[in-house]
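Numbering-wise, the sequence shown is residues 1 to 441 according to UniProt numbering.
For every residue, glycine included, the Cβ atom is placed at its ideal position computed from N, Cα and C.
One structure is given here, and the rest of the page talks about it.
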Amino acid sequence: MSSNPTCPTDESARAIRTFTASARPVDLAFWLDRLETEKAGAEFAKLDRARQAEVFGCLPLDLQAELARRVPHQDLVRIVAGLNADDRVDLFNRLTPEAQVRLAQDLEPKAQADIRRLAGYAEESAGAIMTSDYAVLDADMTARAALDALRQQATGSETIYRSYVVDADHRLIGSVRLHALVLAAEETPLTEIMETEPVSVTSDTDQEIVGQMVARYDLLAIPVVDGGGRLVGIVTHDDATDVMEAEATEDFQKMSHVLPFKQTMRRAAIGTLYSRRIVWLALLVFGNLFSGAGIAYFEDMILAYVSLVFFLPLLIDSSGNAGAQSATLMVRALATGDVEMKDWRDLILREVAVAAALGATMAAVVFPLGAWRGGVDVAITVGLTMFVVVLIGSLVGMSLPFLLSRLRLDPATASGPLVTTISDAMGVLIYFSIATLVLSL
1 MSSNPTCPTD ESARAIRTFT ASARPVDLAF WLDRLETEKA GAEFAKLDRA RQAEVFGCLP
61 LDLQAELARR VPHQDLVRIV AGLNADDRVD LFNRLTPEAQ VRLAQDLEPK AQADIRRLAG
121 YAEESAGAIM TSDYAVLDAD MTARAALDAL RQQATGSETI YRSYVVDADH RLIGSVRLHA
181 LVLAAEETPL TEIMETEPVS VTSDTDQEIV GQMVARYDLL AIPVVDGGGR LVGIVTHDDA
241 TDVMEAEATE DFQKMSHVLP FKQTMRRAAI GTLYSRRIVW LALLVFGNLF SGAGIAYFED
301 MILAYVSLVF FLPLLIDSSG NAGAQSATLM VRALATGDVE MKDWRDLILR EVAVAAALGA
361 TMAAVVFPLG AWRGGVDVAI TVGLTMFVVV LIGSLVGMSL PFLLSRLRLD PATASGPLVT
421 TISDAMGVLI YFSIATLVLS L
């Protein structure tokens, strides 16, 4: 008799127990994330308390929020209390208002204060992703006193490899590496070994800029200050990496004209995926009507030269492809700071040269096909159209990101379907206009 496939065998259950007991927390979190939510909740509940606290912080935020609804309230309080301050706030913001109130009431006063303070910052700002778990030193300390202070703060700090030096008003005046403290003589004043004017951001700095600065300056963490220069938190490199990954995901979604959503693909509901995709698909339908209107306008030309229809998909697709290439390159360059608005004039001139060379090459490829299908007149029409549509499509693809940036819109929207739709409509008009001119002669 075959065993029920939904029930694990003794061997598989034993293997799971061995794995959950010995696996690293991050590996165990990865395994749980691959399970269905119900199964993940059941396996998480089997872990001992210490193991739950270790693993929970490694889980994706979506799964954290799901498990927070399933675990007993007192267990949730214990787990949340053990999270880093920034992770605690991220989870808190995903809970229902009723769950937020109940959880906040049972947390320690310090955790409550952290949540109130960090949750008050604007979404996607440095304040929203920073942590208050950092090591801070007074400017009048010696190297020995600083090391003693770090020993006391180490347990509650995300990193002590770089500590931040403040004055009596908690204004950031410098930073010091743990390496420098260890090597310095015990009585060396901290002011002699600290680095002055450290790279920092304000609490309202956009999180994408924060991630770029962490990468540019190769920092383990970047300090966050308020308007008065007072230190209020730090953004660690792992949080900055998560931000850059999220921003890249959002850009990819926008480039495909999908309204951004924060859930992972595995856990996004059908309704969410539908609502995020239908808006642009419906709008682009109306854009494609221009292509149909152009074909209808030149209906007599098409009936007289049926061979022209053979090349229509080839030509308009080439225009859209060239435009999508240019738009993608430009969107990425703008996102990384490689180019700025002031570079538009130089880039447009260079794009003309590149697009003209691409168009000429592709025209040379399709010219023999045109001669084979419809004679020299059709070959000239197809070759000339290919040159023009590749040139125009490339210029449209390169210019749209700049235009959207000038309008304070996300340039990622310019890529993919939007450029293709515009290029398709223009390609139809250009093709049959050139055909009318050439073939009438």
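A residue is called buried once 16 or more other Cβ atoms fall within 10 Å of its Cβ, and I348, having fewer, is exposed. Where S326 is concerned, the enclosing alpha helix (DSSP H) starts and stops at S307 to T336. Going by beta carbons, M141 and A149 fall inside the 8 angstroms limit. Pairing L61 with L91 gives a Cβ-Cβ distance under 8 angstroms.
Taking a 10 Å sphere around the C-beta of I380, we find 16 or more other C-beta atoms and assign the residue as buried. Counting the other Cβ atoms within 10 Å of the Cβ of F19 gives fewer than 16, which makes it exposed. With fewer than 16 other CB atoms across the displayed protein chains lying within 10 angstroms of its CB, Q152 is exposed.
Looking only at D338, M265, F387 and L95, the smallest Cα-Cα distance to V354 is reached by F387.
For V243 against G211, the beta-carbon gap comes to about 4 angstroms, under 8 angstroms, which counts as contact. Between the beta-carbon of P411 and that of L334 there is about 5 angstroms, and that keeps the pair under the 8 angstroms contact cut. By the neighbour-count criterion, in which 16 or more other beta carbons inside 10 Å mark a residue as buried, Q207 falls on the buried side. Inter-segment contact for the segment 181 to 198 and the segment 111 to 124 is absent: fewer than three beta-carbon pairs are separated by less than 8 angstroms. Assignment of G174 by DSSP, reduced to helix, strand and coil, places it in the strand class.
Boundaries of the beta strand (DSSP E) harbouring T236: L231 to T236, taken from the DSSP string. Among the bridge pairs identified by DSSP, A221 is matched with T236. Closest option to D138, judged by alpha-carbon separation, among K254, R177, H237 and I173: I173.
For Y164, the enclosing beta strand (DSSP E) stretches over residues R162 to V166. Between V77 and L103, the CB-CB gap stays under 8 angstroms.
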